[in-house]
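Here is the structure we will look at, set down as structure tokens.
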Amino acid sequence: MTVPPEPEDRGTLTISPSVVRKIAQHAADRVDGTTRAERRIAGLGLGTHGASAKVGGEGNDVDPVLDVALHYPAPVRRIVGDLRARVTEEVERITSYQVRDISVTVSALLPDIAPRVR
């Protein structure tokens, strides 16, 4: 019976930046205070979207860039701090990649809108 090679000698694992991006978006959307924004093109409503992300970096070091909408009124600095912590924790836990820096743009502050019909 042959002994299998040691785990570190079995090959490589590369995680696509698109996977890291999706993890970052999902983690950002789960932070209290973030919200979904309406997507509009040429004045037409096309549904809603949560956080969007781009991921840069090299090797096992990643630098997510996030764009999020927050509830209004909101403690922006606290929510962004929570968001950075959550995204870092999730990306590092799931991928074992090191998050070096997270840039966050708050692109909207949206109030809760009551439904028109009750």
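What the sequence shown shows, in our numbering, is residues 984 to 1101, in sequence order.
Even glycine gets a Cβ: it sits at the ideal position worked out from N, Cα and C.
Check: Give the range of the beta strand (DSSP E) segment to which G1028 is assigned.; Outcome: L1027 to H1032
Check: Which stretch, first to last residue, makes up the beta strand (DSSP E) that contains G994?; Outcome: No beta strand (DSSP E) contains G994, which DSSP labels as neither H nor E.
Check: Going by other Cβ atoms of all chains shown within 10 Å of its Cβ, with 16 needed for buried, is Q1081 buried or exposed?; Outcome: exposed
Check: Tell me the DSSP bridge mates of L1092?; Outcome: L1053
Check: Which stretch, first to last residue, makes up the beta strand (DSSP E) that contains G1039?; Outcome: S1035 to E1041
Check: In angstroms with no decimal places, state the Cα-to-Cα distance between D1012 and P987.; Outcome: 41 Å
Check: Please state whether DSSP places E1072 in a helix, a strand or coil.; Outcome: helix
Check: In three-state terms, what does DSSP make of I1062?; Outcome: helix
Check: Can you pull the DSSP bridge partners for S1086?; Outcome: V1048
Check: How would you write the range of the beta strand (DSSP E) that R1019 sits in, first residue to last?; Outcome: That residue, R1019, is in no beta strand (DSSP E); it is neither H nor E in DSSP.
Check: Rank L1053, P990, I998 and A1091 by C-alpha distance to the C-alpha of A1043 and give the top, closest one.; Outcome: What sits at residue 1043 in the sequence shown is Asn, not Ala. Nearest C-alpha to N1043: I998.
Check: Please identify the residue among R1004, T995 and E989 whose C-alpha is closest to the C-alpha of V1074.; Outcome: R1004
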